[in-house]
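Counting the sequence shown from 1 gives a position; our numbering is that position plus 780. Where is the CB? At the ideal position from N, CA and C, for every residue including glycine.
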Amino acid sequence: MSQMSRQDPLIENHTVDYVPLAERHGKARDLFTLWFSTNIAPLPIVTGAMVVQVFHLDLLWGLLAIALGHMIGGVVIALASAQGPRMGIPQMVQSRGQFGRYGALLIVFFAAIIYIGFFISNIVLAGKSIVGIAPSVPAPLSILIGALSATAIGVIGYNFIHTLNRIGTWVMGSALLAGFIYIFAHELPADFFTRGSFNLSGWLATVSLGIIWQISFSPYVSDYSRYLPADIGIGKPFIATYLGATLGTILSFTFGAVAVLATPEGTEAMAAVKQSTGWLGPILMVLFLLNIISHNALNLYGAVLSIITSIQTFASQWTPSIKVRVILSSIVLAGCCVVALGASADFISEFIGLILALLLVLVPWASINLIDFYLIKRGSYDIASIFRADGGIYGRFNLHAIIAYFIGIIVQLPFANTSLYVGPYANLVEGADLSWLVGLIVTCPLYYCLATRGQSQQSRAARLGFTD
């Protein structure tokens, strides 16, 4: 092995290509720190406050719903993450092994839109945070500072992202713990434990929100596990990702609920955090800003990998260099900054509504991905075929996956309850979007039946051909 291959370069030199076994490194615990630290952030805290402010649950029932939702949804993200060491390629490239070389393009497109949407929303949020901390800094400059910082992290890549989140786990985890201690060490409002009550619609809406939150990470979790040694197995990455993702989000959602309960009813979530934590509030705001920037690097990194995957689909012999990733990152940065600088005051809420609507297309994909990897192919894929111009053994289009995918989207529509579309049965349980459940229930068995039937037909044809 050459000296170069023994060293981890500062700037990641792989994009969408296979990571050779000789370059694998890291520990499963890196996945815990990545997903724990990533979720100690304002967005999950604000979302957790909704449990009290929108769904009107009391603290006990709210905590039960938060925990249950994330524990169920965490299974999906953990199963997706555990694929990385076995495959050694980004998640979206792996989709070619399920949908075919060109069939995977639609999934890659939706993933890129989601990444870019979250990147824009977070640089707007980072800009507002900087202005809140230093009011003298102009808003446009604040947005540019947040965007450039996240881009620098995303360009450096995999190793730096993991290093930052290893540090962030201790810093953000300690800060959040200090916040909890401060709140409970001071006098609580008389209605702290009694504000709100159990209601079925709010409870189910909270559980669904937790599940959807976890599923939304599934298109890119294995991007951050693909450098781990191939012999690490499935169990360790699964457990590390599951515990990190669920504990981080449960704590953040809970902190948001506790903060708004510790302040007068109707207080805005982040204002409630500052108000309920006293002298610790400004420190938390600075740490949250740093974590927004760190987390947003994941969105840029995923967006660039998706764009490269799309281009490489039509140029099978092309292996993108570091320079290409830097150029594409700069282009994405420029375009997103233009949008962010012209964004309206309610841009974040509108865009998050769009992103949540796009989850309709992620649920069937996640179903097909997990069924294919764990039940159909059992983790055995031909990596060379995934990169061949004709798709190799996976072909250009896999009709079984494509049919199951579109049916999985269609069956969700009557039950969808999004900002873009509300189905006729959306309010079977008022306030709860249960379309994801219908998507899972239909897509999983449908794809399994189609895929296994296709395998049986291929085996039968092979036997007949051999006999002849």
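Residue state for valine 799 is assigned as coil, using DSSP reduced to three classes. In this model, histidine 794 and phenylalanine 889 are separated by some 21 Å (Cα to Cα). Residue pairing from DSSP places asparagine 1197 in a beta bridge opposite Val1202. The DSSP-derived three-state label of tyrosine 1185 is helix. Serine 916 sits in coil when the DSSP states are folded into three classes, being neither helix nor strand. In this structure, the CA atom of asparagine 1178 is about 11 Å from the CA atom of tyrosine 1185.
Burial check for glycine 1159: the Cβ neighbour count within 10 Å stays below 16, so the residue is exposed. In the three-state reduction of the DSSP assignment, leucine 980 falls in the helix class, which pools H, G and I. By the CB criterion at 9 Å, arginine 876 and glycine 1171 fall inside the cutoff. Between isoleucine 857 and serine 988, the alpha-carbon positions lie close to 15 Å from each other. Take the alpha-carbon of threonine 974 and the one of threonine 986: they are about 18 Å apart.
Between the C-alpha atoms of methionine 1065 and tryptophan 841 there is a straight-line separation of about 28 Å. Of the candidates Leu1060, Pro999, Gly1013, Pro999 places its Cα closest to the Cα of valine 1141.
Serine 1032 places its beta carbon 9 Å or farther from that of glycine 1219. With a contact defined as Cβ atoms closer than 8 Å, valine 935 and serine 1109 qualify at about 5 Å.
The C-alpha of glycine 806 lies about 13 Å from the C-alpha of isoleucine 941.
Boundaries of the alpha helix (DSSP H) harbouring proline 824: 822 to 833, taken from the DSSP string. DSSP places glycine 806 in the coil class of the three-state scheme, outside both helix and strand. Contact between leucine 1113 and arginine 804 is ruled out by a C-beta separation of about 30 Å, above the 8 Å threshold.
In the three-state DSSP reduction, threonine 818 falls in the helix class (H, G or I). Relative to the Cα of alanine 884, the nearest Cα in the group Gly1115, Ser977, Ile1087, Thr1047 belongs to Ile1087. Looking from the CA of serine 929, the closest CA among Ala906, Pro915, Asn939 belongs to Ala906. Between the alpha carbons of alanine 862 and leucine 1085 lies a gap of roughly 19 Å. In this structure, the CA atom of threonine 1057 is about 30 Å from the CA atom of phenylalanine 997. Here glycine 1188 is buried, its C-beta having at least 16 other C-beta atoms within 10 Å. Taking the Cα positions, alanine 892 is about 17 Å away from proline 1144.
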